[in-house]
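Sequential numbering from 1 applies to the sequence shown in the UniProt record's numbering. Everything on this sheet refers to the single structure shown next.
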Amino acid sequence: MLRELSIKNFAIIDDVHIEFDDGLTVLTGETGAGKSIVVQAVNLLLGARADAAMVRTGCSAAELEAFFDIPESCPAADILREHDIDPSEGLIVRRVVSEANRHRISLNGRTVTGQMLQAVTGHLAGISGQHAHQRLLREEHHLVLLDAFCGLDGDRQEASRLYHGLLPLLRERETLLDLQRRQAALSEILEAERNEILEARIQPHEDQFLEGERAVLKHREFLLQSLQESMHELYSREGSVLERLVTLSKTLDKAGRIDPESAAIGRRIEEARILIEDISADVRLRLGGLEMDEGRLEAVEKRLDTLNRLKRKYGGSLDTVRLRLEEVQKELAALEDLDNKRRRIEADIAERRERLIALSRNLSTGRLQGAAKLTERMMQELSELRMGASRFEVRVEPIASTSEDGDMFVVDGKRMRETGWDRVSFWMATNPGEEVKPLARIASGGELSRVVLAIHAIMAQADAVSTIVFDEVDAGIGGRTADVVGRKLHELSKRHQLICITHLPQIARFADRHFHIAKITANDRTITTISPLDAEQRVFEMARMLGGEQMTETTLAHARELLQTA
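In structure tokens, the structure reads:
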């Protein structure tokens, strides 16, 4: 329930604060005073799209805030708790609309998204205005209303879940069928890839090793010459490095018998001699390795060609070739299991489809029974709203299938959708002797306002929101009809908190609280004020609504009489 509303720097509103209570609250004032701006502000706090143009001229941002009581049983409380927001002491919704189009939303001080705001406030309040009237003209909304009246929302949501769960399964089955149609060709291609990679017997990093070997083989003559010269100088020729080191080692061995330091030098020369012998052995070994088969270079080149071709074909490296082999083996295994997988999916599809058919059948039965009851209730409500000569029908008809629908969602010629196989529509005739026609082709503004109010009255028990804002409930009506509408609003306010903007005293007189909206000019700025009216102020406002600005004793007496008889 909405308890407080604060609006600052919004359109022509400078700074206002309104406190609400249970029952029926009316807001009245001259045309253009800012009544619709209040509704617009509430709409933003319920999640409507913000626009920087809403910010008051000369201000950087508009600030809107509302405080709601949250009943423990309200679905909004569960949503808030899921997001770690405590609803036990109420909910403060705050929205800042920036001139620079940087807008902020918070719930109890925590910044949230517009989607989160709509999810929460959708269970708290609703606005019945031009949008509600237009929505009533759309057939898809008729089905939602009938389901709410019949208590079928849960079944419809389950049908929607089943329907949307079937769609990906059907796509997967079609993919499997397509694969099966192409299974032989695919298997042949995949087996060829697998065999090609397996036959290559690729070793890890083999290409890197072979690249190095090829570089050596291409420069074999140069390497042989260099190694042979090294062997000659180190070991083979007369006066080689090794021979000279042997001579030096012997000389210093003799000197070392006299001088310990010379002995240490001799030992180091002996170490050098041993090292040169080891190096010479390595050179000899390497020379033997280079004197291999002359056809080795050709074999390396051929192997590298094979590896490079596989790398180009399967991703650019031997690792990607290996990964492709794993993928191919998995795909081949999957192809071999296609029949089993298709059978499992088809069993799942059949089971879900049967449940969807059963739900659609239950929905249809419930809607047909509920349509008769809703028709009867609407006729009663419309009669009370001075539309007793009207006829109202709720029609439930199967959606006819077409040749494009296929068999999956067609049952006995009826096409199943996410809401079942019914099409629900409201029909009406406003005058005796006329044939009923779709609501969108019949109702005038005043008639549509009363139809909306009648639906609200009927749906009062099923409607989850505790607060309803009526913006155009008096559109196109007046006189005794307005009085009847006022009484209906007063009756409805026993079950919901109602906030009603009206131009008609016949409606305003039923209010439990009455606010006056006025537009004034101060310091060359236009601002809107909202003031609660006491008993005497209400008399004058009612008189203004009855007879304009020129108050007379007659209009004042009429105003008092209206309030007293309410």
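Beta carbons: idealized from backbone N, C-alpha and C, even for Gly.
Given a threshold of 16 other Cβ atoms within 10 Å of its Cβ, counted over all protein chains shown, does A76 qualify as buried or as exposed?
It is buried - the Cβ of A76 has at least 16 other Cβ atoms within 10 Å.
Can you list, in chain order, the residues of its chain with a C-beta nearer than 7 Å to that of M200? Leave out the 5 residues immediately preceding and following it.
According to the sequence displayed, residue 200 carries Ala and not Met. Excluding residues within five positions, the ones whose Cβ falls inside 7 Å are T306, L310.
The alpha helix (DSSP H) spanning Q497 covers which residue range?
No alpha helix (DSSP H) holds Q497; the beta strand (DSSP E) holding it covers 497-501.
Taking 8 Å as the cut-off, decide whether the C-beta atoms of R110 and L363 are in contact.
No, the Cβ-Cβ distance between R110 and L363 is not below 8 Å.
How many whole angstroms separate the CB atoms of V300 and R214, which I take to be in contact at a CB cut-off of 8 Å?
Right, the Cβ-Cβ distance comes to about 5 Å (below 8 Å), so this counts as a contact.
Write down every uninterrupted run of the beta strand (DSSP E) in the segment 92-174 whose length is 3 residues or greater and which is fully enclosed by it, in chain order.
Entirely contained in the segment 92-174, the beta strand (DSSP E) runs reaching 3 residues are, in chain order, 104-107, 125-128.
What residue ranges within the segment 225-303 form continuous beta strand (DSSP E) runs of no fewer than 3 residues, ordered along the chain?
Qualifying beta strand (DSSP E) stretches: none in this window.
By how many angstroms is the C-alpha of N308 removed from the C-alpha of E271?
So the alpha carbons of these two residues sit roughly 48 Å apart.
If contacts are defined as beta-carbon pairs under 8 Å, then L492 and A460 qualify, I think. What distance do you get, rounded to the angstrom?
Correct: roughly 6 Å between the Cβ atoms.
Let me see if you follow: with CB-CB separation under 8 Å, is L170 close to chain D or not?
Looking at the structure shown, chain D is missing, and only one protein chain is on hand.
Starting from D14, trace the beta strand (DSSP E) in both directions and tell me its first and last residue.
Where D14 is concerned, the enclosing beta strand (DSSP E) stretches over 13-19.
Identify whether I197 lies in helix, strand or coil by the three-state DSSP scheme.
Three-state result, I197: helix.
If you measure between the beta carbons of R513 and D21, is that distance less than 8 Å?
Cβ atoms of R513 and D21: closer than 8 Å.
Buried or exposed: N101, going by 16 or more other Cβ atoms within 10 Å of its Cβ?
Exposed is the call here.
Please return the same chain residues whose Cβ sits closer than 6 Å to the Cβ of V26, not counting the five positions on each side in sequence.
Excluding residues within five positions, the ones whose Cβ falls inside 6 Å are C500, T502, A508, A511, H514.
Relative to the C-alpha of F123, which residue among R417, L242, S73, G288 is closest?
A small correction: the amino acid at residue 123 is His; Phe does not occupy that position in the sequence shown. The option with the nearest alpha carbon to H123 is S73.
Could you name the residues that DSSP lists as bridge partners for W421?
In DSSP, W421 forms no bridge with anything.
Classify E140: buried if its beta carbon has 16 or more other beta carbons within 10 angstroms, exposed otherwise.
Flag for E140 reads exposed.
G446 and G479 look like a contact to me (Cβ under 8 Å); what is the Cβ gap, rounded to whole Å?
That belief does not hold up - the Cβ atoms of G446 and G479 are roughly 11 Å apart, past 8 Å.
Indicate the three-state DSSP secondary structure (helix, strand or coil) for R56 in the structure shown.
Coil.
Measure the CB-CB distance between residue 584 and R417 and report whether it falls below 8 Å.
No answer is possible for residue 584: the residues shown for the chain start at 1 and end at 566.
So, is E381 buried or exposed, given that buried needs 16 or more other C-beta atoms within 10 angstroms?
E381 is buried by the Cβ-count criterion.
Quick one: Cα of Q550 to Cα of M542, how far?
Roughly 12 Å between the two C-alpha positions.
Going by C-alpha to C-alpha distance, which of R181, S262, A557, S531 sits closest to V16?
That would be S531, whose Cα lies nearest to the Cα of V16.
With DSSP run on the structure shown, which of helix, strand or coil describes P377?
The residue you asked about is not Pro; residue 377 is Arg in the sequence shown. R377: helix per DSSP, three-state reduction.
On a Cα-Cα basis, can you pick out the residue from L91, A61, V241, A48 that is closest to E4?
When each option's Cα is compared against that of E4, the closest is L91.
Does DSSP put E435 in a helix, a strand or coil?
DSSP places E435 in coil when its eight states are reduced to three.
Straight-line CA distance for E434 to K488?
Cα to Cα, the separation comes out at about 27 Å.
With H, G and I counted as helix, E and B as strand and the rest as coil, what does DSSP make of A389?
A389 falls in the coil class under three-state DSSP.
Taking the alpha-carbon of G32 as reference, which of T565, M545, T528 has the nearest alpha-carbon?
Here the closest residue by C-alpha is T528.
Can you say whether I261 is buried or exposed, counting buried as having 16 or more other CB atoms within 10 angstroms of its CB?
In the sequence on display, residue 261 carries Glu and not Ile. Burial call: exposed.
Nearest-angstrom Cα distance between M116 and R181?
Distance between the alpha carbons of M116 and R181 is about 47 Å.
Under the DSSP definition of a beta bridge, which residues are partnered with R415?
The partner list for R415 (beta bridge, DSSP) reads V410.
Which residues does DSSP list as the beta-bridge partners of P532?
In the DSSP output, where bridge partners are listed per residue, P532 has F515.
Per DSSP, S73 forms a beta bridge with which residues?
DSSP output for S73 lists no bridge partner at all.
Quick one: residues in its chain with C-beta nearer than 7 Å to the C-beta of T526, no 5 flanking neighbours on either side, listed in chain order?
Taken in chain order, the residues that qualify are I12, K519.
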